[in-house]
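Chains as they are written, first to last, in my numbering: chain S, 39 to 240; chain R, 39 to 240. Cβ coordinates follow ideal geometry from the N, Cα and C atoms, glycine included. Remember, predicted model here, so these are calculated numbers, not experimental data.
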């Protein structure tokens, strides 16, 4: 017989699908779920369904939104549409939002250039970023890709594409620990990185 | 505005309810769920509901079962009902089952004695264990409570209760690292601990 009974084994398998969750951690989580009340289990299950059902992609910045159409940030009167922070992933938008000082908008690339993984500019929203810049009204593009080789390559590529288009292009300063993921940077480090941003060319 | 949009925030809160999962880990898990297909999300959600709906408690050993009534182990013709391993938690049964050599049955106490937490023998299935022994047919009771002060106290308490009832009472050997939880012991260590078990009194 299996080490675990079927319904438990099944939930362990589901938890194991989360990147970074191994067999023992998944088992621990599954047993923790056994201790949920029926109501709590329904709420948890519904939250998983909900994250697929209730999350939309903004057609302007490609960030995540709780509604269809332009997202809360792109459509807010309080945001400065003249400044665009370019990030790799939608979750980086939420990380950047923790820097309370920032009032501009975003552009989510959907990844970083990676020739080895066959990820080219066509797989990212680079074209859409260029179109946004060419449509006017943007003064500065702050590239906040991860401080990794891929992120750096992507930043340099975008900076070159935007040359001569009348916008300042900058990159987050290396206040963020090199080699890490910006998701794990703390607010103060992120703010320092914003303040110390370096400009490409002009 | 919140750092995360509502459906994501909601799932993060649910993940945070799992003991040992902090804010960042929960956020990472929630974003991983965003990458599930709709089908995968439904399967995950259903597995959570299922672990509440499809897991029963065996009326004999108090272990977990995928069906009502006696569990797969208690009702199996291949198991030796003369040997009972006593564990604190149902998940310890599954850990013990990884020791392929063991062919006896189990008794799940539902915890360990802990005067500080107000957990007494009445909160555990101690009475039911004594009744099982008194009903006859059991030759040996192997106490496999955790090698912690609480587990040791519980083992000694049960050993005393079973004195003179015509069964051999033993305790897993300290092959298991002291102070740890048996859930984390590897199979070889568990087998050694079974072989080196010490007998109480007779």
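Residue 177(S) and residue 202(S) have their C-alpha atoms some 12 Å from each other.
Under the DSSP assignment, residue 56(R) falls outside any beta strand (DSSP E); it carries neither an H nor an E label. By the Cβ neighbour-count rule, residue 154(R) is exposed, with fewer than 16 other Cβ atoms within 10 Å of its own. For the region 60-87 of chain R, the residues whose beta carbon sits under 8 Å from a beta carbon of chain S are, in order, 62, 65, 66, 67, 68, 69, 70, 71, 72, 74, 76, 78, 79, 80, 81, 82, 83, 84, 85, 86 and 87.
For residue 118(S), the three-state secondary structure derived from DSSP is strand. Residues of the region 91-109 of chain S with a Cβ closer than 8 Å to any Cβ of chain R, in chain order: 91, 92, 93, 102, 103 and 104. Of the residues 118(S), 117(S), 130(S) and 89(S), the one whose Cα lies closest to the Cα of residue 105(S) is 89(S). DSSP, reduced to helix, strand and coil, places residue 102(S) within a strand of the structure shown.
Closer than 8 Å at the C-beta level to chain R, one finds these residues of the region 46-57 of chain S: 46, 48, 49, 51, 52, 55, 56 and 57. In the DSSP assignment, residue 203(R) falls outside any beta strand (DSSP E), carrying neither H nor E.
Against chain S, the beta carbon of residue 89(R) has neighbours under 8 Å at 45, 46, 48, 49, 68, 71, 72 and 79, listed in chain order. According to the DSSP assignment, residue 131(S) belongs to the alpha helix (DSSP H) that extends over 128-135. Rounded to the nearest angstrom, the Cβ distance from residue 49(S) to residue 85(R) is 4 Å, consistent with a contact under 8 Å.
Within the same chain, Cβ atoms closer than 7 Å to the Cβ of residue 171(S) are found at 179, 200, 203 and 205, the five residues on either side in sequence being excluded.
Burial is judged here by how many other beta carbons sit within 10 angstroms of a residue's own beta carbon; residue 156(R) has fewer than 16 and is exposed.
Residues of chain S with a Cβ closer than 9 Å to the Cβ of residue 203(R) do not exist, since the nearest Cβ in that chain sits about 30 Å away. Contact note: residue 141(R) does not reach chain S at a C-beta cutoff of 9 Å; the least C-beta distance is about 12 Å. Put simply, of 51(S), 228(S), 65(S) and 82(S) the residue whose alpha carbon is nearest the alpha carbon of residue 68(R) is 82(S). The continuous beta strand (DSSP E) containing residue 143(S) extends over residues 142-146. Here the C-alpha atom of residue 165(R) lies approximately 43 Å from the C-alpha atom of residue 87(S). The shortest CA-to-CA distance from residue 117(S) to any of 130(S), 135(S), 127(S) and 126(S) is the one to 135(S). Residue 196(S) and residue 132(S) have their C-alpha atoms some 22 Å from each other.
Taken through DSSP and simplified to helix, strand or coil, residue 166(R) comes out as helix. One finds 69 in chain S with Cβ atoms closer than 7 Å to the Cβ of residue 129(R), taken in chain order.
Around the beta-carbon of residue 62(R), fewer than 16 other beta-carbon atoms lie within 10 Å, marking it exposed. About 32 Å separates the beta carbons of residue 100(R) and residue 60(R), which is beyond the 8 Å limit, so they are not a contact pair.
Per DSSP, reduced to three states, the secondary structure at residue 80(S) is helical. When rounded, the separation of the alpha-carbon atoms in residue 92(S) and residue 44(S) is 30 Å. For the pair residue 137(R) and residue 162(R), the Cα-to-Cα distance works out to about 25 Å. The alpha-carbon separation between residue 119(R) and residue 54(R) amounts to approximately 41 Å. If the five residues before and after residue 207(R) are omitted, its C-beta is found closer than 6 Å to the C-beta atoms of 179, 197, 200 and 238, all from its own chain and listed in chain order. Of the candidates 71(S), 190(S), 111(S) and 144(S), the residue whose Cα lies closest to the Cα of residue 56(R) is 71(S).
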